[in-house]
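Numbering that gives the first Met the number 0 puts the first residue of the first sequence at 0, with every later residue one more than the last.
Glycine residues also receive a C-beta, built at the ideal position from the N, C-alpha and C atoms.
Keep in mind that this is a model prediction, so the values were computed, not measured.
Remarks on the structure that follows.
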Amino acid sequence: MNHFSIFAPLNFSNRINKEKMEYNFAEIEPKWQKYWEENKTFKTTDDFSKPKYYILDMFPYPSGAGLHVGHPEGYTATDIFSRYKRMKGYNVLHPMGYDAFGLPAEQYAIQTGTHPAITTQKNCDNFRRQIKAIGLSYDWDREINTTDPKYFKWTQWIFKQLYNTWFDENLQKGRPIAELPIPEEIKASGKAAVTKYMDEKRLAYYDNAQVWWCDSCKTVCANEEVLTDGSHEKCGHPVVRKNLKQWLLRIPHYAERLLQGLETLDWPAGVKDMQRNWIGKSTGAEVDFEMEGLSEKLRVYTTRPDTLFGATYMVIAPEHALIEKITTPEQKAAVEKYQQQAALKSDLDRTDLAKEKTGVFTGRYAINPVNKKLIPIWVADYVLMGYGTGAIMAVPAHDTRDFEFATEFNIPIICILDPKDVAGRDDILAGKKCWTEDGEYINSASEETGLNINGLNKAQGIKTTIEWLERKGIGKATTNYKLRDWLFSRQRYWGEPFPVIHWEDGEVTLVEDENLPLELPEVEKYLPGETGESPLVNSHDWLMVTDKNGRKGRRETNTMPQWAGSCWYYLRYIDPHNEKEIFDVKKEQYWMPVDLYVGGAEHAVLHLLYSRFWHKVLFDLGIVSTDEPFQKLFNQGMILASAYETANGAKVASDLVEEKNGKFFHTETGEELKQIVAKMSKSLKNVVNPDDVIERYGADSLRLYEMFMGPLDERKPWAENGVKGVFNFLNRVYRFFTELENITDGEEDKEVEKLLHQTIQKVEFDIEHLKFNTGISALMIFNNLAIKKGKVTKNTAETFAKILAPYAPHMAEELWSLYGHKETLAYEPWPEVNQSLLVEDTFDYPVSFNGKTRYMKALPVGLPVAEVEKEVLADERTQKWLEGKSVKKMIVVPGRIINVVVG
RNA sequence: GCCCAGGUGGCGGAAUUGGUAGACGCGCUGGAUUCAAAAUCCAGUUCUGGCAACAGAGUGCGGGUUCGAUUCCCGCCCCGGGUACCA
Numbered sequence: 000m001n002h003f004s005i006f007a008p009l010n011f012s013n014r015i016n017k018e019k020m021e022y023n024f025a026e027i028e029p030k031w032q033k034y035w036e037e038n039k040t041f042k043t044t045d046d047f048s049k050p051k052y053y054i055l056d057m058f059p060y061p062s063g064a065g066l067h068v069g070h071p072e073g074y075t076a077t078d079i080f081s082r083y084k085r086m087k088g089y090n091v092l093h094p095m096g097y098d099a100f101g102l103p104a105e106q107y108a109i110q111t112g113t114h115p116a117i118t119t120q121k122n123c124d125n126f127r128r129q130i131k132a133i134g135l136s137y138d139w140d141r142e143i144n145t146t147d148p149k150y151f152k153w154t155q156w157i158f159k160q161l162y163n164t165w166f167d168e169n170l171q172k173g174r175p176i177a178e179l180p181i182p183e184e185i186k187a188s189g190k191a192a193v194t195k196y197m198d199e200k201r202l203a204y205y206d207n208a209q210v211w212w213c214d215s216c217k218t219v220c221a222n223e224e225v226l227t228d229g230s231h232e233k234c235g236h237p238v239v240r241k242n243l244k245q246w247l248l249r250i251p252h253y254a255e256r257l258l259q260g261l262e263t264l265d266w267p268a269g270v271k272d273m274q275r276n277w278i279g280k281s282t283g284a285e286v287d288f289e290m291e292g293l294s295e296k297l298r299v300y301t302t303r304p305d306t307l308f309g310a311t312y313m314v315i316a317p318e319h320a321l322i323e324k325i326t327t328p329e330q331k332a333a334v335e336k337y338q339q340q341a342a343l344k345s346d347l348d349r350t351d352l353a354k355e356k357t358g359v360f361t362g363r364y365a366i367n368p369v370n371k372k373l374i375p376i377w378v379a380d381y382v383l384m385g386y387g388t389g390a391i392m393a394v395p396a397h398d399t400r401d402f403e404f405a406t407e408f409n410i411p412i413i414c415i416l417d418p419k420d421v422a423g424r425d426d427i428l429a430g431k432k433c434w435t436e437d438g439e440y441i442n443s444a445s446e447e448t449g450l451n452i453n454g455l456n457k458a459q460g461i462k463t464t465i466e467w468l469e470r471k472g473i474g475k476a477t478t479n480y481k482l483r484d485w486l487f488s489r490q491r492y493w494g495e496p497f498p499v500i501h502w503e504d505g506e507v508t509l510v511e512d513e514n515l516p517l518e519l520p521e522v523e524k525y526l527p528g529e530t531g532e533s534p535l536v537n538s539h540d541w542l543m544v545t546d547k548n549g550r551k552g553r554r555e556t557n558t559m560p561q562w563a564g565s566c567w568y569y570l571r572y573i574d575p576h577n578e579k580e581i582f583d584v585k586k587e588q589y590w591m592p593v594d595l596y597v598g599g600a601e602h603a604v605l606h607l608l609y610s611r612f613w614h615k616v617l618f619d620l621g622i623v624s625t626d627e628p629f630q631k632l633f634n635q636g637m638i639l640a641s642a643y644e645t646a647n648g649a650k651v652a653s654d655l656v657e658e659k660n661g662k663f664f665h666t667e668t669g670e671e672l673k674q675i676v677a678k679m680s681k682s683l684k685n686v687v688n689p690d691d692v693i694e695r696y697g698a699d700s701l702r703l704y705e706m707f708m709g710p711l712d713e714r715k716p717w718a719e720n721g722v723k724g725v726f727n728f729l730n731r732v733y734r735f736f737t738e739l740e741n742i743t744d745g746e747e748d749k750e751v752e753k754l755l756h757q758t759i760q761k762v763e764f765d766i767e768h769l770k771f772n773t774g775i776s777a778l779m780i781f782n783n784l785a786i787k788k789g790k791v792t793k794n795t796a797e798t799f800a801k802i803l804a805p806y807a808p809h810m811a812e813e814l815w816s817l818y819g820h821k822e823t824l825a826y827e828p829w830p831e832v833n834q835s836l837l838v839e840d841t842f843d844y845p846v847s848f849n850g851k852t853r854y855m856k857a858l859p860v861g862l863p864v865a866e867v868e869k870e871v872l873a874d875e876r877t878q879k880w881l882e883g884k885s886v887k888k889m890i891v892v893p894g895r896i897i898n899v900v901v902g
């Protein structure tokens, strides 16, 4: 590799042939990629003496389609950051892997009979090739794959930890199931009762569950995977309800911890908000209502116990357990009919028909505890059994849903909260309009019960009422969460098998650690059954087990969802080849938490919530050392592309579009088309493949353009001309900085030297703040000046190569070696900014009159304000703006601006 | 409906968060080079008027605060993301 030296035969003076001076990225880039690979340049050592930095990408699902330009966006950003941090002296962990379990490989297997492992292997190889072609500085020795038994051995092991953990409400902490206190009466009831009691406390449990079922994928899916329109996130087909025996994880136990933890994280506010909304904490009270003629009480949950005086009816969900008892004989038929209708409606319909409220009277009355008034109990499907107690007190005057219902069924509306100075107050007081904001209570006192909140505001009213309820023993302050148990099994082949055996006597045991991993059996058919059983049931030898006492058992045939592998992969990178432990404790303590995590916003509540949950359990069990896994999170914006549509909005695939004089036409119909910006998609044929970009412009251009497009976190359209722009920049860099005649000895030009240091500072600041677009702009500005000046010193050229390196590493290595260095510049210290060079003697003040800038005036820095004013008034250009007017005031902001107020 | 982001030239986007709006790049216009083209180099490019100097307008719309507003406040409009009868 003698091309590393300027004294070698390839040196500049011999390069007379112009063609040799051209920027030949196709030769340079593979050369450096080979160098990095052969020298293991980016191999990370566990050198605990150095400060660490863990920079993580969301690992990809290796689809058959390969990478699209959206992948390298985040990967390039983290790569720039990683390369920069290495030059800053950090020990950087920057790994890559594959989240390779999942449906597409299995669908392909169903169609072709090809084992998903083969498809997966092929796709991973392709992804690796594509990623390496971008010149990303991963430590490839740490590559992981969630489908590798050596990896999912530990996924199964973590499942066992979840199974063997219960949540101690008092300590707000997960604890080993062995530490679970068993009540004496349970113990007395025998072993089965104890087992049942423990199963009810485990974080992982097996139970009949009303689940979402996707008939297209033949599998269940988690709440989080069902989109707003009731379709499956993976395939877009509508999901339906089904009752199946399933594994679930008790994530709601961690609701409060998951909520609290957000406060400590440097995450985008939007993602935190989404997680908060998803967890959905609400505080209020549970209140017991007596019912006329029944001994049972009806318990409701409300966030507004203060509005009890305004409760004019009650509503129970159609599935409510007490519905039969509550319903009077006269209303039985009507209620049963309503129940049937509700059962027939899918959940989707129930929410879709949100506009029209439906319901039926049960015939029964409840007694309002605050004033002993009788109020009717209705059944309506706008009350959901799955939240709170499945029953509410309805306060139509102060709740919009109750207001709609009451209006529909002519139920009294009593205003108890005076909004005071608000337009429409009279309507509100008359119960003709709903008021949900604060105000002052009226009609809220009862001598009989002793509660009086008249005159108080909302906060006081809630507090006073809850105190009253608790004193009376008919209610208590309660917190509710929307977060539900996480449905954790899928009826598929291509996933982690559960390390679980169901024995003929009903006992459930877990596979011993030494028998992990439990690998997937070979099967002939990958098609899942219609009934919700995975293809694993067909693998008899694998399925049936017998213990040493001859007891027969059957393995769990569900597999884990794709989230399982991605829940903890960041931990395995720390010690990926450890066969004895999930990872070495010392290494975990050194590397965790992840310092920077970059990926798409689509994982805001799925992966990122699940991961945090698992991590907190592992933390409680003392397996990991941090409470949260990802300290800083950054979402890259989606990359969009041009697309075309007809006048009536029909999309047209890009290969059916031709351009004429800046306008676009349909090649078949000749219709003029509108150019729009849309997501890249196969159907629109507007997907940009990084391979093509690299072939035409090189990896450094791809990297540079991905970063130059705009702010990392914003969505932005791909434009080929933009790639040409950065390619042009690299050409100019190459032409100038590889021409030895331009690289001189001696003193640097003052202007060049000053801009160089400004550029170092700007590039550094922008990398630290992930503002890569403006960093590149600064590099361009410096390059433009260097070219204009025609020469720079060798020291300047080398410094420029260093600050260019994180962005365009191939180019930078090429320059560095041409300047005579034999080692990579990946670990060269980042240049220091010489602050003294950045100090200005004079500042070019914009002088404005009444806020409008009129001329520029250079004045010495540090000139006293009075002197500045004098100089400005003495300037002849000032006179023009003073004609016929006088100076009223003068604002001088030193080093910023001068504003003369005239009038 | 609610929550969160955003709206700046022909285009992608800058603006050190109250201080020269439009950096940098694309595109376009003119010029140099070339037999010609590509490539490259030089100059110009927010809009309107003017040969120009220069003047006026201008950061979605309407108000406000301020010497000064893309930036802060109030009220709207539009686009994107999330969520949706959660009591």
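In terms of alpha-carbon separation, which member of Asn453, Ala116 and Val544 lies closest to proline 498? The count along the first sequence starts at 1 and reaches residue 498 at position 499. Residue Val544 is the option with its Cα nearest to proline 498.
Taking the beta strand (DSSP E) that aspartate 840 falls in, what are its first and last residues? Start at 1 with the first residue of the first sequence, and residue 840 comes out as number 841. Run containing aspartate 840: none; DSSP gives neither H nor E here.
Using a Cβ-Cβ cutoff of less than 6 Å, which residues in the same chain neighbour phenylalanine 11 once the five nearest sequence positions on both sides are dropped? Reading the first sequence from its first residue, position 12 is the one you call residue 11. Residue confidence is low: phenylalanine 11 scores 36 on pLDDT, short of 50, so the model does not pin down where it sits. Its coordinate-derived value is still stated next. Counting only Cβ-Cβ distances below 6 Å, and skipping sequence neighbours, we find Leu739.
I'd like to know whether the C-beta atoms of aspartate 417 and isoleucine 441 end up nearer to each other than 8 Å. One-based indexing of the first sequence puts residue 417 at position 418. One-based indexing of the first sequence puts residue 441 at position 442. For aspartate 417 and isoleucine 441, yes; Cβs fall inside 8 Å.
By Cβ distance, which residues of its chain are closer than 6 Å to cysteine 566, with the 5 residues on each side in sequence left out? Locating residue 566 in the first sequence gives position 567, counting from the first residue. Result list for cysteine 566: Tyr609, Ser610 and Trp613, in chain order.
Using a Cβ-Cβ cutoff of less than 6 Å, which residues in the same chain neighbour leucine 595 once the five nearest sequence positions on both sides are dropped? Within the first sequence, residue 595 is the residue found at index 596, counting from 1. Here the set comprises Ile54 and Lys631.
N-terminal and C-terminal residue of the alpha helix (DSSP H) that tyrosine 150 is part of: Translated into positions along the first sequence, residue 150 becomes position 151. Bounds of the alpha helix (DSSP H) holding tyrosine 150 are 148-162.
Give me the Cβ distance between phenylalanine 402 and isoleucine 412, rounded to the nearest whole Å; I'm assuming they're in contact under 8 Å. Locating residue 402 in the first sequence gives position 403, counting from the first residue. Locating residue 412 in the first sequence gives position 413, counting from the first residue. The Cβ separation is near 7 Å, so the contact holds.
Would you mind listing the alpha helix (DSSP H) stretches within the stretch 323-392 that are 4+ residues and don't spill past its ends, in chain order? Listed in chain order, they are 331-343 and 346-351.
Shortest alpha-carbon distance to histidine 539 belongs to which of Glu521, Lys888 and Gln155? Working through the first sequence from its first residue, we reach residue 539 at position 540. Closest in C-alpha terms to histidine 539, from the list Glu521, Lys888 and Gln155, comes Glu521.
Is the stretch 250-267 in contact with the stretch 275-294, if contact means three or more CB pairs nearer than 8 Å? When Cβ pairs closer than 8 Å are counted between the two stretches, the stretch 250-267 is seen to touch the stretch 275-294, the count reaching three or more.
Contact under 8 Å by Cβ, threonine 556 with leucine 570: Mapped onto the first sequence, residue 556 falls at position 557. Mapped onto the first sequence, residue 570 falls at position 571. No. Outside cutoff.
Within 10 angstroms of the Cβ of lysine 17, are there 16 or more other Cβ atoms? Answer buried if so, exposed if not. On the first sequence, residue 17 is found 18 positions in, with the first residue counted as 1. Per-residue confidence for lysine 17 stands at a pLDDT of 39, beneath the threshold of 50, marking its modelled position as unreliable; the derived number appears in the next sentence. It counts as exposed.
Select from Glu747, Asp619, Trp212 and Gly564 the residue whose C-alpha is nearest the C-alpha of arginine 240. Here residue 240 is taken as the residue at index 241 of the first sequence, counted from 1. Checking every option, the nearest Cα to that of arginine 240 belongs to Trp212.
Based on the DSSP secondary-structure assignment, which residues constitute the bridge partners of serine 445? As a working note, residue 445 is residue 446 in the first sequence. Listed as beta-bridge partners of serine 445 by DSSP are Leu450.
How would you call leucine 672, buried or exposed, if buried means at least 16 neighbouring beta carbons within 10 angstroms? In the first sequence, counting from the first residue as 1, residue 672 sits at position 673. Buried is the call here.
Output needed for arginine 82: all residues of its chain with C-beta closer than 7 Å, excluding positions within five of it in sequence on either side, in chain order. Numbered from its first residue, the first sequence carries residue 82 at position 83. Take arginine 82, set aside five residues on each side of it, and the residues of its chain with a beta-carbon closer than 7 Å to its own are Ser136, Ala804, Pro805, Pro808 and Ala825, in chain order.
Apply the 10 Å Cβ neighbour rule to phenylalanine 24 and answer buried if 16 or more other Cβ atoms are within range, or exposed otherwise. Against the first sequence, residue 24 aligns to sequence position 25. With 16 or more other Cβ atoms within 10 Å, it is buried.
What are the boundary residues of the alpha helix (DSSP H) that tryptophan 266 is part of? Sequence index remark: in the first sequence, residue 266 carries index 267 (1-based). Segment: none, tryptophan 266 is in no alpha helix (DSSP H) and carries neither H nor E.
Would DSSP call proline 527 helix, strand or coil? If you number the first sequence from 1, residue 527 lands on position 528. If DSSP states are grouped into helix, strand and coil, proline 527 belongs with coil.
Three-pair Cβ contact test at 8 Å for the stretch 215-231 versus the stretch 484-494: Here the stretch 215-231 makes contact with the stretch 484-494; the two share three or more CB pairs at distances below 8 Å.
Provide the residue(s) that pair with lysine 51 in DSSP beta bridges, ordered along the chain. As a position in the first sequence, residue 51 is number 52, starting the count at 1. Beta-bridge analysis with DSSP links lysine 51 to Asn90.
Can you tell me which of Leu617, Val507, Val597 and Gly235 puts its alpha carbon nearest to the alpha carbon of tyrosine 205? Working through the first sequence from its first residue, we reach residue 205 at position 206. The residue with the shortest Cα to Cα distance from tyrosine 205 is Val507.
Methionine 779 in three-state terms, based on DSSP: Here residue 779 corresponds to residue number 780 of the first sequence, with the count starting at 1. Methionine 779: helix per DSSP, three-state reduction.
According to DSSP, is lysine 749 helix, strand or coil? Translated into the one-based positions of the first sequence, residue 749 becomes position 750. Correct three-state label for lysine 749: helix.
Tell me which residues share the same chain as lysine 903 and place their Cβ nearer than 6 Å to its Cβ, disregarding the 5 neighbours each side in the sequence. As displayed, the chain neither begins before 0 nor continues past 902, which places residue 903 out of reach and without an answer.
Select from Glu495, Val676 and Arg895 the residue whose C-alpha is nearest the C-alpha of glycine 101. As a first step, residue 101 must be located in the first sequence, where it is residue number 102. Taking only the C-alpha atoms, the option nearest glycine 101 is Glu495.
Tell me the residue span of the beta strand (DSSP E) that contains cysteine 220. To locate residue 220, count along the first sequence from 1; it is residue 221. It spans 218-220 - the beta strand (DSSP E) in which cysteine 220 sits, taken as one unbroken run.
Within the continuous alpha helix (DSSP H) that includes histidine 665, where are the two ends? Indexing the first sequence from 1 puts residue 665 at position 666. Segment 662-665 is the beta strand (DSSP E) holding histidine 665; no alpha helix (DSSP H) there.
Let me confirm a value: threonine 558 is counted as buried when at least 16 other C-beta atoms fall within 10 Å, else exposed. Which label applies? Against the first sequence, residue 558 aligns to sequence position 559. Classification for threonine 558: buried.
Does the Cβ of aspartate 78 have 16 or more other Cβ atoms within 10 Å, making it buried, or fewer, making it exposed? To locate residue 78, count along the first sequence from 1; it is residue 79. Buried.
Contact belief for threonine 327 with glycine 362 at Cβ below 8 Å, rounded distance in angstroms: To locate residue 327, count along the first sequence from 1; it is residue 328. To locate residue 362, count along the first sequence from 1; it is residue 363. Correct: roughly 3 Å between the Cβ atoms.
Output yes or no for whether 8 Å exceeds the beta carbon distance between leucine 526 and proline 534. To locate residue 526, count along the first sequence from 1; it is residue 527. To locate residue 534, count along the first sequence from 1; it is residue 535. Closer than 8 Å, so yes.
Have a look at the DSSP bridge pairing and note the partners of arginine 174. Start at 1 with the first residue of the first sequence, and residue 174 comes out as number 175. In the DSSP output, where bridge partners are listed per residue, arginine 174 has Trp165.
Determine the burial state of methionine 86: buried for a count of at least 16 other Cβ atoms within 10 Å of its Cβ, exposed for fewer. Here residue 86 refers to the residue found at position 87 of the first sequence. The Cβ neighbour count for methionine 86, taken over all protein chains shown within 10 Å, is at least 16; the residue is labelled buried.
Short of 6 Å in beta carbon distance, which residues of its chain neighbour glutamate 657, apart from the five on each side in sequence? Order them along the chain. Taking the first residue of the first sequence as 1, we reach residue 657 at position 658. By the criterion of a C-beta distance shorter than 6 Å, glutamate 657 is surrounded in its chain by Phe664 and Thr666, once the five residues flanking it on both sides are discounted.
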